[in-house]
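S.K.: There's a structure below that I have some questions on.
Chains as they are written, first to last, in my numbering: chain E, 9 to 68; chain B, 348 to 571.
Right under this line is the structure:
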């Protein structure tokens, strides 16, 4: 990657962090606490996504 | 109107509004995905230079941060959504050209495309059919996203291939979580009510999953 593209990408990420940070703080503050059962119901499909990606990697 | 009737009428109105929101979001999402596929194909055909990726992202995020919040509640918001998704699609041109030039490039791109579709349809279908509330994931997902952004920022200069791969895996995991989160926000009353904003949110998750799945498959399966 050329130097100016590295600097441009870094600047974009820094601006992204600055813009997202206030919204992130609000989301963290307003986010309700999930029970173990609720987390399990989210982690099962996400685990399946991980397994699916492993399958794709093995196929390619 | 008696109280039970009033409650029932409000429940019916709320269900109708939710169904309309979901229908409008998925209609707009499918149109924008098709449009961005066309702009991506045009970008490949025009053999756009690598800088197109960065410039496209800057343009799209400028529209998301500066224009979309002011237009999301009007018809102009539709034009802005197509401009954002068109730009993001166009920005993919150099990336797709690079992968397509590999020996098994068309297979990698095809698998990333199909894989993204399966992940999105599976997760969105799961959130819609179970009608579970995934709002509790908000804090976790946004914190994870901030950590990933900082790691990506560091890796621009560190250039560690293993870290780049770990970042791609983390982005796919987080964006998959955001699909569950955003879909459940549409289903539940206290969540998203604007279909334009909902579309952009889900589109960005799909876009990120595609780009990072392409990266993982390219690294793990590339012949070069």
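Don't be surprised by glycine CBs; every beta carbon is placed ideally from N, CA and C.
1. What does a CB cutoff of less than 7 Å around residue 395 (chain B) pick up in its chain, not counting 5 residues either side in sequence?
2. Leaving out the 5 sequence neighbours to the left and right, which residues in its chain are closer than 6 Å to residue 391 (chain B) when beta-carbon positions are compared?
3. Of all Cβ atoms in chain B, is any one closer than 7 Å to the Cβ of residue 65 (chain E)?
4. Using alpha carbons as the reference points, say which of B:523, B:446, B:473, B:496 lies closest to residue 511 (chain B).
5. By the 8 Å beta-carbon criterion, what residues does the segment 391 to 418 of chain B contribute toward chain E?
6. Roughly how many angstroms lie between the CA atoms of residue 38 (chain E) and residue 487 (chain B), to the nearest whole one?
7. Could you confirm whether any beta carbon from chain B is found closer than 7 Å to the beta carbon of residue 51 (chain E)?
8. Fully enclosed by the segment 496 to 547 of chain B, which alpha helix (DSSP H) runs are 4 residues long or longer?
9. So residue 473 (chain B) contacts chain E; which residues on that side make the cut at Cβ distance below 8 Å?
10. Using a Cβ-Cβ distance cut-off of 7 Å, determine whether residue 567 (chain B) contacts chain E.
11. Just checking my contact of residue 459 (chain B) with residue 560 (chain B) at CB under 8 Å: how many whole Å lie between their CB atoms?
12. Pairing CB atoms from the segment 473 to 483 of chain B with CB atoms from the segment 422 to 436 of chain B, are three or more of them under 8 Å?
13. Compare the C-alpha of residue 376 (chain B) against each of B:406, B:429, B:366, B:461 and name the closest.
M.R.: Taking the definition as stated:
1. Taking the first residue of the second chain as 1, we reach residue 395 (chain B) at position 48. Result list for residue 395 (chain B): 440, 441, in chain order.
2. Against the second chain, residue 391 (chain B) aligns to sequence position 44. Cβ neighbours of residue 391 (chain B) beyond the five flanking positions: 440, 443, 444.
3. Counted from its first residue, the first chain places residue 65 (chain E) at position 57. Put simply, the CB of residue 65 (chain E) is near chain B, with a gap under 7 Å to one of its CB atoms.
4. The residue labelled residue 511 (chain B) in the question sits at position 164 within the second chain. Closest by alpha carbon: B:496.
5. Close to chain E, meaning a Cβ-Cβ distance shorter than 8 Å, are the following residues of the segment 391 to 418 of chain B: 397, 398, 401, 404, 405, 408, 412.
6. Here residue 38 (chain E) refers to the residue found at position 30 when the first chain is read from its first residue. Here residue 487 (chain B) refers to the residue found at position 140 when the second chain is read from its first residue. Residue 38 (chain E) and residue 487 (chain B) have their C-alpha atoms some 12 Å from each other.
7. Along the first chain, read from residue 1 onward, the residue named residue 51 (chain E) stands at position 43. So no, residue 51 (chain E) is outside the interface.
8. 508 to 534
9. Within the second chain, residue 473 (chain B) is the residue found at index 126, counting from 1. Under the 8 Å cutoff, chain E gives 53.
10. Taking the first residue of the second chain as 1, we reach residue 567 (chain B) at position 220. Cβ-Cβ to chain E under 7 Å: yes for residue 567 (chain B).
11. Position 112 of the second chain, counting from 1, holds the residue named residue 459 (chain B). Position 213 of the second chain, counting from 1, holds the residue named residue 560 (chain B). That pair is a contact at about 5 Å.
12. no
13. By one-based count along the second chain, residue 376 (chain B) stands at place 29. Nearest of B:406, B:429, B:366, B:461 to residue 376 (chain B), Cα basis: B:429.
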